[in-house]
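Read through the structure below, which is laid out as structure tokens, and then see the notes.
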Amino acid sequence: MRKNIDYDREEFEKCMRGERYHAAFRGRDALIAEAMLLCQEYNRTPADDKERREELIRELFGKVGKNPDVEPNVFCGFGFNVEVGDNFYANNNCNFMDPAKITFGDNVFIGPDCGFYTAHHPIGSRLRNQLYEWAFPITVGDNVWFGGGCRVLPGITIGSNVVIGAGSVVTHDIPDNCVAAGNPCRILRYIDEEGLQIKPGQSQEGRETGNQCKEYLTNASLCAKL
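So in my numbering, the last spot in the sequence shown is 1323, and the numbers never skip.
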């Protein structure tokens, strides 16, 4: 949480609890402005100044593990609601819309142009135009790879040892040990940590190689049928 900013704690706590809150609560703009300034400074920092980049990302995010690597440009709402584990990597132009928590485990790799959105707006225009919102957390496990251009929607949990194919829109929870892709994102196959396909009751010898996942992730006609 940012220090020395006066904000409406009641509305902010509603936001954190997943309750309906008023998005124009006192101090919200100041909280967002501070995150934007940190993002702007980070995005301007020379690529070879790794020490300063790590200092800034630790100031921007709420929790950071060992060996963070975030490419510019990075964008956040509050910033302090983003928590990342060890060996976190995010490629260019990733957006973390974090009125609620966005939590990543260890060894999470994110391709370029991905977005993680915790904000949810009313379907009805009356409340939406009055600036009411909800926010629901996103949780990602360990050893997860997101291909470029993925979108993860509010309230989603993604398990560990997961690959999300490029361009996917994740609208439902994704369990452990799988490759998933598409819009909406759906499971294509279950895998072990070596990338070998697994099925319920299948023997070790009957597994397929992880290289065969490539055809699933790049076959647009298959994804279109999901």
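All C-beta atoms in this analysis are idealised placements derived from N, C-alpha and C, irrespective of residue type, glycine included.
- request: Could you tell me whether the segment 1201-1210 touches the segment 1219-1233, where touching means 3 or more Cβ pairs closer than 8 Å?
  value: no
query: Can you tell me the Cα-Cα spacing of P1272 and T1142, whole angstroms?
result: 37 Å
query: With 16 as the cutoff for other CB atoms within 10 Å, does P1297 come out buried or exposed?
result: Reliability fails at P1297, whose pLDDT of 48 lies under 50, so the model's placement of it is uncertain and no value is given.
- request: Identify which residue in N1188, N1204 and F1175 has its Cα closest to the Cα of P1196.
  value: F1175
- request: Compute the Euclidean distance between the alpha carbons of N1101 and V1276, then round it to the nearest angstrom.
  value: 44 Å
task: Report buried or exposed for C1178, applying the criterion of at least 16 other Cβ atoms within 10 angstroms of its Cβ.
output: The residue asked about is misnamed: residue 1178 is Asn in this sequence, not Cys. Result: buried.
message: Taking 8 Å as the threshold (C-beta atoms), are A1232 and G1245 in contact?
response: no
message: Please state the DSSP three-state secondary structure of C1282.
response: coil
- request: Can you have a look at Q1137 and say buried or exposed, based on whether 16 or more other CB atoms are within 10 angstroms of its CB?
  value: exposed
- prompt: Who are the near neighbours of A1121 in its chain, counting only those whose CB is closer than 6 Å to its CB and skipping five residues on each side?
  reply: L1228
- request: Please name the residue in I1284, E1156 and G1221 whose C-alpha comes closest to that of T1268.
  value: I1284
message: According to DSSP, simplified to helix, strand and coil, what is K1160?
response: strand
- request: State yes or no: is the C-beta of S1265 within less than 8 Å of the C-beta of G1252?
  value: no
query: What residue range is occupied by the uninterrupted beta strand (DSSP E) comprising Y1104?
result: No beta strand (DSSP E) holds Y1104; DSSP gives it neither H nor E.
task: Would you check if the distance between the CB atom of N1204 and the CB atom of N1188 is smaller than 8 Å?
output: no
query: Between which two residues does the beta strand (DSSP E) carrying A1197 extend?
result: Segment: none, A1197 is in no beta strand (DSSP E) and carries neither H nor E.
query: Are the Cβ atoms of P1169 and N1192 separated by less than 8 Å?
result: no
message: Taking 7 Å as the limit between beta carbons, can you name the residues of its chain near G1153, skipping five residues before and five after?
response: It is worth fixing the name first, because residue 1153 is Leu in this sequence and not Gly. Cβ within range, chain order: L1135, E1138, Y1139 and T1142.
- prompt: Cα-Cα, which of F1158, Y1118 and N1164 is closest to V1171?
  reply: F1158
message: Assuming A1232 is part of the beta strand (DSSP E), what are its boundary residues?
response: Y1229 to A1232
query: Can you tell which of T1200, T1236 and R1248 has its C-alpha closest to the C-alpha of N1190?
result: R1248
message: Please tell me whether E1180 and F1201 are closer than 8 Å, where the distance is taken between their beta carbons.
response: yes
message: So, with DSSP's three-state summary, where would you put I1154?
response: helix
task: Drop a sphere of 10 angstroms on the beta-carbon of R1150, count the other beta-carbons inside from all chains shown, and report buried for 16 or more, exposed for fewer.
output: buried
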